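Beneath this line is the structure, given in structure tokens, with notes to follow.
Chains as they are written, first to last, in my numbering: chain A, 1 to 84; chain B, 85 to 460.
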């Protein structure tokens, strides 16, 4: 399944991101950032469906929650960074 | 036992607090350290507690709410973030050792005291206005005196600090859970508060509300994120929360804060004030009590001295009769010096939302008997 992963600066940042999306009507799930893309070591990310990306980024911008990185994955454990 | 030492620790907790602590101890693991449910639940409860704090204290951003082990821990972080060697710091005359000792530990710090009499908010504000001269780098001020229950005009002091561009650290140890504290309005650099007093949480919990770009960790360690970095992450709250969080304590604190919000600060403050006024009036004929003439200037804390009794001997005699109070200097020698009670100390009675009028009646009767007997 294709989805986007919003990589966050910290656990609390990821929690705020997930809450903001939830309040905006976007379902998401918080996961540990896969090791292959956790450049600085352990981290957290928020998974969202492909169709929700535009709305999610708009909600996060309004809440002044800038994602650290954004990745797209096609369900094969490979991640490709998407420029923000 | 009749417990009148809630200014130190609120011993009577709502049932939801120990229940939350117990559940967390057996169901919640390390938050932010794993993707499994027991870790995620712990992370969720901590975040939820940040949100509860935010609602009670007017802090919109949960990232600015840092969990600590106590108000003392919080004050140490705040003071050591803002006060540099050779700084000049202005404090109130009612500060606890949790403020004065960290300041004393920093080299060459000049501490100025905005001296003014007890229960005189206008004089307090004037003293701050007079002493807040250009060389002052930081102001540290308690919201309420832990010895006398005096409510300082913290909103006006915060305005003064903002007007003069000086960062303010507030010690809300005695006001959190019984008086309104709104960070959005106060805009203090830091507000330090304990979890185990008015917020009715367990001991070992504290909170630091941060509104400063300058934060200096006093402890470094794991945060569950950006592990390759050799230094603490720049983001709050993780920057100031090294090591495994006190999950069960924070779960209990969350339950305590929810209770406080449900009961309401106005109801709690009114209940405690009525009891303290009643106590002060009840012992006025045989004790020297520090009761504010204007009731709105005092919380549920009353210091007193019993004629012909040493304060520690009196507290011991009361303990033998089933009353729990604290005597001496209450870790606040500056406050006692300011009130002229440094040599003899006082006995302090402090109430909680669970203290009853019947308990105060029994206390007054016992004090009266002891006064008649005199110290043997």
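Note that the Cβ used here is the ideal one computed from N, Cα and C, for glycine as well. No experiment lies behind these values; they were computed from the predicted model shown.
Please go through the same chain and pick out, in chain order, the residues whose beta-carbon is closer than 6 Å to the beta-carbon of residue i, but skip the five residues on each side of it.
{"i": "residue 332 of chain B", "result": "105, 108, 109"}
{"i": "residue 231 of chain B", "result": "387, 414, 416, 419"}
{"i": "residue 390 of chain B", "result": "371, 398, 455"}
{"i": "residue 203 of chain B", "result": "234, 376, 381"}
{"i": "residue 279 of chain B", "result": "285, 289, 290, 337"}
{"i": "residue 423 of chain B", "result": "202"}
{"i": "residue 11 of chain A", "result": "44"}
{"i": "residue 219 of chain B", "result": "172"}
Once you ignore the five residues that flank residue i on each side, which residues in its own chain have a CB closer than 7 Å to its CB?
{"i": "residue 246 of chain B", "result": "271"}
{"i": "residue 115 of chain B", "result": "123, 126, 127, 130, 329, 331"}
{"i": "residue 49 of chain A", "result": "3"}
{"i": "residue 405 of chain B", "result": "450"}
{"i": "residue 184 of chain B", "result": "418"}
{"i": "residue 443 of chain B", "result": "86"}
{"i": "residue 96 of chain B", "result": "87, 436, 438"}
{"i": "residue 16 of chain A", "result": "65"}
{"i": "residue 412 of chain B", "result": "395, 396, 429"}
{"i": "residue 68 of chain A", "result": "7, 8, 9"}
{"i": "residue 343 of chain B", "result": "98, 100, 284"}
Between residue i and chain A, is any beta-carbon pair separated by less than 7 Å?
{"i": "residue 331 of chain B", "result": "no"}
{"i": "residue 499 of chain B", "result": "This structure does not reach residue 499 of chain B, given that chain B is present from 85 up to 460, and the question cannot be answered."}
{"i": "residue 319 of chain B", "result": "yes"}
{"i": "residue 116 of chain B", "result": "yes"}
{"i": "residue 131 of chain B", "result": "yes"}
Quick one: is the Cβ of residue i within less than 6 Å of any heavy atom of the ligand NAD?
{"i": "residue 219 of chain B", "result": "The ligand NAD is absent from the structure shown, which contains no ligand whatsoever."}
Using only the alpha-carbon positions, how far apart do residue i and residue j sit?
{"i": "residue 24 of chain A", "j": "residue 60 of chain A", "result": "10 Å"}
{"i": "residue 200 of chain B", "j": "residue 381 of chain B", "result": "15 Å"}
{"i": "residue 349 of chain B", "j": "residue 242 of chain B", "result": "21 Å"}
{"i": "residue 292 of chain B", "j": "residue 457 of chain B", "result": "47 Å"}
{"i": "residue 275 of chain B", "j": "residue 212 of chain B", "result": "18 Å"}
{"i": "residue 84 of chain A", "j": "residue 296 of chain B", "result": "28 Å"}
{"i": "residue 262 of chain B", "j": "residue 282 of chain B", "result": "6 Å"}
{"i": "residue 158 of chain B", "j": "residue 277 of chain B", "result": "7 Å"}
{"i": "residue 357 of chain B", "j": "residue 99 of chain B", "result": "24 Å"}
{"i": "residue 118 of chain B", "j": "residue 32 of chain A", "result": "7 Å"}
{"i": "residue 434 of chain B", "j": "residue 302 of chain B", "result": "32 Å"}
{"i": "residue 215 of chain B", "j": "residue 189 of chain B", "result": "22 Å"}
{"i": "residue 260 of chain B", "j": "residue 340 of chain B", "result": "12 Å"}
{"i": "residue 38 of chain A", "j": "residue 323 of chain B", "result": "19 Å"}
{"i": "residue 425 of chain B", "j": "residue 8 of chain A", "result": "54 Å"}
{"i": "residue 111 of chain B", "j": "residue 102 of chain B", "result": "14 Å"}
{"i": "residue 269 of chain B", "j": "residue 142 of chain B", "result": "8 Å"}
{"i": "residue 427 of chain B", "j": "residue 318 of chain B", "result": "46 Å"}
{"i": "residue 63 of chain A", "j": "residue 20 of chain A", "result": "7 Å"}
Counting only beta-carbon atoms, is residue i nearer than 7 Å to chain B?
{"i": "residue 40 of chain A", "result": "yes"}
{"i": "residue 62 of chain A", "result": "no"}
{"i": "residue 29 of chain A", "result": "no"}
{"i": "residue 36 of chain A", "result": "no"}
Residues of chain B with CB under 7 Å from residue i, in chain order?
{"i": "residue 43 of chain A", "result": "309, 310"}
{"i": "residue 32 of chain A", "result": "119"}
Who are residue i's beta bridge partners in DSSP?
{"i": "residue 283 of chain B", "result": "Beta-bridge pairing links residue 283 of chain B to no other residue."}
{"i": "residue 81 of chain A", "result": "A/71"}
{"i": "residue 30 of chain A", "result": "A/46"}
{"i": "residue 196 of chain B", "result": "B/174"}
{"i": "residue 482 of chain B", "result": "With chain B covering only 85 through 460, there is no way to say anything about residue 482 of chain B."}
{"i": "residue 430 of chain B", "result": "B/412"}
{"i": "residue 373 of chain B", "result": "B/388"}
{"i": "residue 152 of chain B", "result": "B/290"}
{"i": "residue 260 of chain B", "result": "B/263"}
Can you find the residues in the same chain that come closer than 8 Å, C-beta to C-beta, to residue i, ignoring five residues on each side of it along the sequence?
{"i": "residue 193 of chain B", "result": "167, 169, 170, 171, 172, 173, 187"}
{"i": "residue 320 of chain B", "result": "147, 148, 150, 294, 299"}
{"i": "residue 223 of chain B", "result": "173, 174, 175, 212, 216, 241, 245, 250, 251, 252, 253"}
{"i": "residue 144 of chain B", "result": "138, 268"}
Strictly below 7 Å CB to CB, what residues from chain A border residue i?
{"i": "residue 356 of chain B", "result": "Those within 7 Å of residue 356 of chain B in chain A number zero; the least Cβ separation is about 34 Å."}
{"i": "residue 28 of chain B", "result": "This structure gives no information on residue 28 of chain B, because the portion of chain B shown stretches from 85 to 460."}
{"i": "residue 362 of chain B", "result": "Under the 7 Å cutoff, chain A gives no residues; its nearest Cβ is about 44 Å from residue 362 of chain B."}
Which chain A residues sit within Cβ distance under 9 Å of residue i?
{"i": "residue 158 of chain B", "result": "Result: empty, since nearest Cβ-Cβ is about 17 Å, beyond 9 Å."}
{"i": "residue 313 of chain B", "result": "40, 41"}
Using a Cβ cut-off of 8 Å, pull out every chain B residue sitting near residue i, in sequence order please.
{"i": "residue 13 of chain A", "result": "147, 319"}
{"i": "residue 80 of chain A", "result": "What residue 80 of chain A touches in chain B: nothing, since even the nearest Cβ is about 22 Å away."}
What does residue i reach in chain B if we use C-beta pairs closer than 9 Å?
{"i": "residue 9 of chain A", "result": "309, 310, 317, 318, 319, 322"}
{"i": "residue 23 of chain A", "result": "Chain B residues near residue 23 of chain A: none, gap ~12 Å exceeds 9 Å."}
In chain A, what lies closer than 8 Å to residue i by C-beta?
{"i": "residue 87 of chain B", "result": "By Cβ distance, chain A contributes nothing, its closest Cβ being about 36 Å from residue 87 of chain B, past 8 Å."}
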